Every structure is written in structure tokens, then in C-alpha cells.
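Contents: one structure, followed by commentary.
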Amino acid sequence: MSLAGWVDTLQSNGQYAFSREEAIVALKISKTAFKNALLRLVAKSRIVIPRRGFYIIVPLEYRNAGSPPASWFIDGLMKFRQHPYYVGLLSAAALHGAAHQQPQEFQVITESPMRPAIAGRNKIHFYLKSHLDKTPILEVKTETGSMRVSTPEATALDLVRYAKRIGGLGNVAMVLKELSDRIDPQLIVSAADMEHELSVVQRLGYLLEQFGSTKKISEPLARWLIKKNAPLVPLRPERNSKAIQKDLRWKLIINEQVEVDQ
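Next up, the structure:
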């Protein structure tokens, strides 16, 4: 069987990604023969390569886009790289219904540094984080299997944690305004307890109180925070903190007036 025929068989079985080793073993061909056959399929836009040794099958309906959606292959890519991961930040928020601002990139959290991956119109950006096992996640079904996605509660914490890299606190507040309907008051406390990064909880609690759909979400966080003896921290960590205004409930120096588009 040729590589082209094998690729057609994979697609007919619902598989849209494969590795070099997988193909060479299945077809019993040399690395040189595989490379030559692969280049022909790439030239025909039948295959796209987001990472060396990992290949994505492009069905006809996605030929113009250059690749199927990242959700079709992100789990396979991360297993190929042997990196723990979850889909997070604005990509996770959109999956949970906060889709006011569709992210321009597919955002993935992992424990190891990774360069951005490009597949057709898909750009996958990787954000570094320690102790992924402490982040609550869900297995979300996709067209080709499943992928790991942060829960609404963990997503909210990450949005604040990476605020500077995803458009600032105003953008975070706007997403939280939509996401708050999906946040469980008890599960947000559980997520905060698992990750235990007080300054992130303080900032999130403040933003949820200001912009969330209901005070029921922020109240449990405030009660949890009372027991932690949290220090006073700036709302926006990278800005000068000589502001006079303080929020003693959340132990914050209010050094930025957060506004959202109506």
C-alpha cells in the first residue's frame, strides 16, 4: 500500500494524525521512501506538518484552511511529544461558552517549554505552568476523540494568572463576565485550594465581584481568603503600586481602573 492509500484508510477510520515511525512500520518502507512520498502529499496539501515527525491529514473540506481544527489533533500532538497538557485560557473559556472574543490562537498549558506550532490557519501557543496535576480538568469530546480542557473554575484562575499575556485585566474581566455563569461557587474554592496561589485568588475574587453575574461566586472565595492571612498585593502586578485606593476585602492595592466594553 502507498502512503497516500494508507492516509486515506486512516481518515476513513476517523484518524487524522500520525507519526513518522507509525507510517514506516505500517508500510514497511525506508525513511527515504517515506520522506519522498510525504513530500508529494504535502505538495498536494493532503498533509500538514506542525512538528517534525508528526503529521496531520487534511480532509477535502479543510483544504482551503490548510488543516482541520486544532481540537482534532492537539491530544495526539501532546502525546507524541510526551508532554502533559490542557487546553486553557481564552480557548477554554470559548469552549465553556464565553466566546465574546474568539481567540486568534489555540491556547495550551503545559509543563515544558514549546515553540508555537502552526498547521494551516491554526496557530497553537503554549503557556508554561508548573504542577499541572493540581489544575482541575475535564475530558471534552472532539470529532476525533477527546482533549483535556481546564474546568470553568480553573480557567478563571488561569485567565488572571496570565492576564498580561492575553490582553490585560480589562480583557480578562470581559471574559469573566460571560464565564461567571458557568462557575460553581464551591468548585472555585476547591480549585483555589488545589492551586493555592493567593495573589491570583485575590485578583480573581475582586474581578468576579466587580464584573461577575452574581455575588454568589465571589462570596465563598472571600470566606476562603479570610483564613489565609493574605498579604496586600497590587491588582496589576507589573505596574507601580503607589496607588492610595485599597480594597481590604481582597487585600488589594487598586493600581488600575478596570473597564470592560458594554
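Under the numbering used here, the sequence shown has 50 at position 50, and the numbering climbs by one with no breaks.
Where a beta carbon is used, it is the ideal one built from N, C-alpha and C, also for glycine.
Computed from a predicted structure; not experimentally measured.
| query | Does DSSP put residue 266 in a helix, a strand or coil? | reply | Residue 266 falls outside the range modelled here, since the chain spans only 1 to 262, and no answer is possible.
Note down, one range per segment and in chain order, each alpha helix (DSSP H) of at least 4 residues found wholly within the segment 191-241.
198-211, 215-226
I'd like to know whether the C-beta atoms of residue 274 and residue 87 end up nearer to each other than 8 angstroms. With the chain running from 1 to 262 in the structure shown, residue 274 is simply not present.
Q) Would you call the CB atoms of residue 182 and residue 252 closer than 8 angstroms? A) no
Quiz item: Do residue 179 and residue 155 have their CB atoms nearer than 8 angstroms?
Solution: yes
> DSSP on residue 145, reduced to helix/strand/coil?
Replying inline: strand
Please report how far the alpha carbon of residue 212 lies from the alpha carbon of residue 33, in whole angstroms. 58 angstroms
Checklist entry - Would residue 96 be called buried (16 or more neighbouring beta carbons within 10 Å of its own) or exposed? => result buried
Element boundaries [alpha helix (DSSP H), containing residue 171]: 169-179
Taking Cβ positions only, does residue 105 come closer than 8 angstroms to chain D? No chain D appears in this structure, which consists of one protein chain only.
- prompt: In whole angstroms, what is the alpha-carbon distance linking residue 121 and residue 194?
  reply: 36 angstroms
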